[in-house]
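**Q** Going down the list, the sequences are from chains A and B.
Here the first sequence is numbered in our numbering, starting from 3 and rising by one per residue.
Here the second sequence is numbered in our numbering, starting from 11 and rising by one per residue.
Glycine is no exception: its CB is placed at the ideal position from the N, C-alpha and C atoms.
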Amino acid sequence: MNGSIQELLERSPFLEGLDRRDLVELPQLGVGEGFPVRRAFAGVDLRALDPFVHMDQVGEVNYAPGEPKGTPWHPHRGFETVTYMLDGILRHQDSNGGGGLITDGDTQWMTAGRGLIHIEAPPEEVVVCGGGCPTASSCGSTCPPG
Amino acid sequence: MWGGLSHGFQLWVNLPARLKWSPPRYQDIRGGAVTLLSSPDGGALLQVIAGEVAGHQGPGITYTPIALLHATLAPGAQLRLPWRADFNALAYVLAGSGSVGVEWRPVRMGQLAVYGSGEVVTVAADTGQESRSPQLDVLVLGGQPIREPVAAYGPFVMNTRAELIQAFEDYQAGRLGSIPVEPHPGHEVLRDTTKSR
């Protein structure tokens, strides 16, 4: 059962509308809690951006334990998302059984094409330990002093 | 060392009408797999993520012609990057300060430069950089414009309003997929092969 688009938009920092007056009117929504997001293309005419439509810079931020946030399950159609992680780690999973980790310098080039739903979030151990984890593998049930 | 530090980008690349219905696909481009280039004097290091830059192909495959690279310039370094004349050209500053274009306009962290037409993209790093970001880091990207009408709303980028409405309806009806349900990891799954009584 999928929720309403509005609910989805309100909860998800990656999904904020593309603010261009010559297109469909888009809602002005706040940034997702715990996600410092910079709209890299804000105010630039779409014709100058074409073939790109939008870019978000997320961070840089140093999360404390319990702070890291991800997106809820959400759909895409008609384009591609290119996720480049300079620092940190992001886990993704989709409705086609795809999934994996994007970390330190990796790029995930995802063609949504005719459509899929997916989720993007830091792995559990990062959420639990925040900046206290020196490495992914060392972060178990207890966190080293951060 | 990553810990709780998080810093990333998400770029949305449009697809032309004829490719919007392509099947979903992933390319996992590992950090170590990018094509590395340097400027002639070694002052700029380029990581080509996708597309072709000056005859050097990055690992990422694109549907329409696109180039995406991460350039790192030492203080005082200049980069003259050959660029396809039919591409647009954008530079987003990740860290540091410098100048861009034929007029050497100043840019700093968090700013986007939109280049005019031409066959060379120029970036220069200021001689003095802040200690917290001693180099100039820039994402340089461009591609062949698609030049089709764009109807975008939330997570969908289509050509017409009718296609957007269809996307919403398809999503709400579960036709874009549903959240996979998986058994608890490490548990055997109870299979029901008998008749109910």
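Would you report the Cα separation of residue 162 of chain B and residue 202 of chain B, rounded to the nearest angstrom?
**A** So the alpha carbons of these two residues sit roughly 46 Å apart.
**Q** Which residues mark the beginning and the end of the beta strand (DSSP E) in which residue 181 of chain B is found?
**A** First-last for residue 181 of chain B: 171 to 182, but that is the alpha helix (DSSP H), not the beta strand (DSSP E).
**Q** Is residue 79 of chain A buried or exposed, if buried means 16 or more other CB atoms sit within 10 Å of its CB?
**A** buried
**Q** What's the gap between the Cα of residue 77 of chain A and the Cα of residue 63 of chain A?
**A** 26 Å
**Q** Please name the residues in the region 34 to 66 of chain B whose beta-carbon is closer than 7 Å to at least one beta-carbon of chain A, in chain order.
**A** Flagged, chain order: 34, 35, 36, 37, 38, 39, 40, 41, 59 and 60.
**Q** Taking C-alpha atoms, which residue in B:170, B:205, B:142 and B:179 lies nearest to residue 107 of chain B?
**A** B:142
**Q** Which residue's Cα is closest to the Cα of residue 48 of chain B: B:182, B:83, B:74 and B:206?
**A** B:83 is the residue among B:182, B:83, B:74 and B:206 whose C-alpha sits nearest the C-alpha of residue 48 of chain B.
**Q** At least one CB of chain A closer than 8 Å to the CB of residue 139 of chain B: is that the case?
**A** No, its Cβ sits nowhere closer than 8 Å to a Cβ of chain A.
**Q** Quick one: Cα of residue 48 of chain A to Cα of residue 98 of chain B, how far?
**A** 12 Å
**Q** On the CB-based measure, 16 or more other CB atoms within 10 Å of its CB, does residue 97 of chain A come out buried or exposed?
**A** buried
**Q** Output, in chain order, the set of chain B residues within a Cβ distance shorter than 7 Å of residue 77 of chain A.
**A** 165, 181 and 186
**Q** Applying the 10 Å Cβ sphere with the 16-neighbour rule, what's the burial state of residue 156 of chain A?
**A** A question about residue 156 of chain A goes unanswered here, because the residues of chain A that appear run from 3 up to 148.
**Q** The alpha helix (DSSP H) spanning residue 50 of chain A covers which residue range?
**A** 48 to 51
**Q** If you measure between the beta carbons of residue 54 of chain B and residue 79 of chain B, is that distance less than 8 Å?
**A** no
**Q** For residue 90 of chain B, name the three-state secondary structure that DSSP assigns.
**A** Note: residue 90 of chain B maps to strand in three-state DSSP.
**Q** Suppose you measure from the CA of residue 126 of chain A to the CA of residue 166 of chain B; what does that come to, to the nearest Å?
**A** 29 Å
**Q** Strictly under 8 Å for the Cβ-Cβ distance: is residue 189 of chain B near chain A by that measure?
**A** yes
**Q** Check whether the Cβ atoms of residue 169 of chain B and residue 81 of chain A lie closer than 8 Å to each other.
**A** no
**Q** Quick check on residue 126 of chain A - is its C-beta less than 8 Å from some C-beta in chain B?
**A** no
**Q** Nearest by alpha-carbon distance to residue 96 of chain B: which of B:116, B:155, B:103 and B:68 is it?
**A** B:155
**Q** Against chain B, with Cβ distances strictly below 8 Å, would residue 72 of chain A count as a contact?
**A** no
**Q** Tell me residue 139 of chain B's beta-bridge partners as DSSP assigns them.
**A** Its beta-bridge partners do not exist; DSSP assigns none.
**Q** Which residues, in order along the region 46 to 57 of chain A, keep a beta-carbon less than 9 Å from a beta-carbon of chain B?
**A** Within the region 46 to 57 of chain A, the residues whose Cβ lies closer than 9 Å to some Cβ of chain B are 46, 47, 48, 49, 50, 51, 52, 53, 54, 55, 56 and 57, listed in chain order.
**Q** Would you call the CB atoms of residue 37 of chain B and residue 76 of chain B closer than 8 Å?
**A** no
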